[in-house]
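Everything below concerns the one structure shown next.
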Amino acid sequence: MSDADDQAFDIELKLLVDAIFLRYHYDFRGYAQASLKRRLTVARDRFGCRSLSQLQDKVLHDPATFPALLDYLTVQVSEMFRDPAYFLALREKIVPLLRTYPSLKFWVAGCSTGEEVYSLAILLREEGLLSRSLIYATDINSHALAKAEAGVFEIDRIPGFTENHRRSGARSSLSDYYTAAYGRAVFDKSLRKHIVFSDHSLATDSVFAEVQLVSCRNVLIYFNRELQDRAVGLFHEALCRKGFLGIGSKESLRFSRHAGSFVDRVREDRIYQKADQP
Amino acid sequence: MIALPGNIENIDGIVIGASAGGVEAMSAILPALPARLRAAVFVVLHLPRERPSLLVDIFSHKCALPVREAQDKEPVEPGTIYFAPPDYHLLLDAGPSLSLSADELVHYSRPSIDVLFESAADQYGARLLGIILTGGNRDGAAGLAAVRRRGGVTLVQEPGEAQVPLMPESALKEGPVDFVLPLERIAALLRTLAGRME
Ligand SMILES: C[S@@+](CC[C@H](N)C(=O)[O-])C[C@H]1O[C@@H](n2cnc3c(N)ncnc32)[C@H](O)[C@@H]1O
């Protein structure tokens, strides 16, 4: 690729993202540019296109292309009890404060294929809170949401999940929550009863419920600052008084417009608490 | 004396990639960067993914420049050394600011050198110096080619001297580079560079 091609690529990227918004109402205009560019380069090659303009043509005229492209535009990398220290901090420092509520609502934003949601549900069951809890799990990728709803994971991922679970301060064995069959682990339907999955975009949709805790991990890194501000604004609006917000281990509210609306609760594990209005 | 290309006076960003043998190689060159350096320095070192990074601790003591682990959305400060955190890609975005991603592995690696170098080439263009050091992996070769294409300065550790030569060799196969040097002379070059950039 020459320097001129590089410049054309940036123009085509902007046009493609606009086209997707106008045609499908998925809004990638506020995504962090550098990583979006990389993912679109991979997609262009996989779809056998010479340029993003050619890919745009496909996206607009071939109805099968966009759903497939969505899997390139969004990143479905997840694990159960990813960063065990985060779940340990929830368990030890946040759960005691949640016990005072007669009923609890949680929002896992950008839940991908469900690993984070099931981790939270298991933790709540272990702490005796699940029976009075409802977890909203949202994402824009409908393939991922369907997998999440099914609650089925490849069996070879289970040893890693089990080790993470153990390090999160587990009070039971992970195997209590799934049955293994045909190379897959099927998670318990009784967890699923407390979870509502739905299609929701942090870029275009608004708040739908009041919750005590939002967990949004490894999603904000894909957004530019303005879109991050929008998303964190939604979380702030959704949270009850003194509600909690947990984000990814390398994410931070420090550079956000809303930094002043939250206080650190568990600094090293990126758990914040909604500040009282001055 | 090394003959320097004209644009080396205007370097605002330095990207460095290494894999096997990388901690030792970095120890030979990062401490050579003087406190008055204007450029920001970005480092990808392949390490076991699950272990928290000790690099910042190790290098803070050795370096004249401030050393930090990159945080998402952090605005780049001149004269600072940023390490990519384990298990995240480090990229540069407009500003320039730092950007992290948990996208798929590239060349079996996250962080990947190609990902850093290509995004840095987009932001800095000719004001970038790219350095590939020792490693047993092909990561970085495409990234260094992107630096060259955008008019940046390219430097590769002499493969004969590298603890593991595959990475520098792969980078050299992608096309011509401005310098092929042993570590000691890379350190010397960085010192002169810093002097010129004042
Ligand atoms: C890397 S995964 C994070 C999964 C999980 N939270 C974790 O930390 O393991 C990022 C998820 O964010 C979702 N996502 C991307 N843009 C979104 C948006 N605008 N609104 C809601 N979710 C989004 C993607 O579809 C993907 O499932």
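Those protein sequences? They're chains X and L, same order as listed.
For the first sequence, numbering that gives the first Met the number 0 puts the final residue at 277, and the numbers step up evenly by one.
For the second sequence, numbering that gives the first Met the number 0 puts the final residue at 197, and the numbers step up evenly by one.
All C-beta atoms in this analysis are idealised placements derived from N, C-alpha and C, irrespective of residue type, glycine included.
| Item | Value |
| --- | --- |
| Just by C-beta distance, which residues in the stretch 46 to 80 of chain L are closer than 7 Å to chain X? | Q70, D71, K72 and E73 |
| How should X:L14 be labelled, buried or exposed, when 16 other C-beta atoms within 10 angstroms of its C-beta is the threshold for buried? | exposed |
| Quick check on L:A101 - is its C-beta less than 8 Å from some C-beta in chain X? | yes |
| Rounded to the nearest angstrom, what separates L:E197 and X:Y221 at their Cα positions? | In this prediction, L:E197 scores a pLDDT of 49, lower than 50, which makes its location untrustworthy; the coordinate-derived value is nonetheless stated afterwards. Each residue's alpha carbon lies about 36 Å from the other. |
| What number of angstroms, rounded off, separates the C-alpha of X:E148 from the C-alpha of L:D86? | 27 Å |
| With a 10 Å radius around its C-beta and 16 neighbouring C-beta atoms as the bar for buried, classify L:E183 as buried or exposed. | exposed |
| I want to know whether the stretch 132 to 139 of chain L touches the stretch 12 to 29 of chain L - three or more CB-CB distances under 8 Å. | yes |
| Roughly how many whole angstroms lie between the Cα atoms of L:G112 and X:D275? | Here the sequence assigns Ile to residue 112 of chain L, which means Gly is not the residue at that position. Distance between the alpha carbons of L:I112 and X:D275: 43 Å. |
| Does DSSP put X:R38 in a helix, a strand or coil? | helix |
| Strictly under 8 Å for the Cβ-Cβ distance: is X:R37 near chain L by that measure? | yes |
| Check whether chain X comes within 8 Å of L:P207, counting only Cβ atoms and requiring the distance to be less than that. | Only positions 0 to 197 of chain L appear in this structure, which leaves residue 207 of chain L out of reach. |
| Rounded to the nearest angstrom, what separates X:D9 and L:V55 at their Cα positions? | 34 Å |
| Please name the residue, chosen from X:E125, X:E126 and X:A120, that lies closest to X:L133 on a Cα-to-Cα basis. | X:A120 |
| Counting along the chain, where does the beta strand (DSSP E) carrying X:E148 start and finish? | Per DSSP, X:E148 belongs to no beta strand (DSSP E); it is in the alpha helix (DSSP H), S141 to A149. |
| Have a look at X:E236, X:H193, X:G247 and X:L219 and flag the residue whose alpha-carbon is nearest the alpha-carbon of X:S102. | X:H193 |
| For the stretch 251 to 273 of chain X, enumerate the residues whose C-beta is nearer than 7 Å to any C-beta of chain L, in chain order. | S251 and F254 |
| Considering only residues of the stretch 46 to 104 of chain X, which uninterrupted alpha helix (DSSP H) runs meet the minimum length of 4 residues and lie entirely inside it, listed in chain order? | 51 to 60, 64 to 72, 83 to 88 and 94 to 97 |
| Can you list the residues of chain X that L:Y87 reaches, using a CB-CB cut of under 7 Å? | K249 |
| For a minimum of 4 consecutive residues, which ranges assigned as the alpha helix (DSSP H) are wholly contained in the stretch 168 to 240 of chain X? | 188 to 191 and 224 to 237 |
| Within 10 angstroms of the Cβ of X:D4, are there 16 or more other Cβ atoms? Answer buried if so, exposed if not. | exposed |
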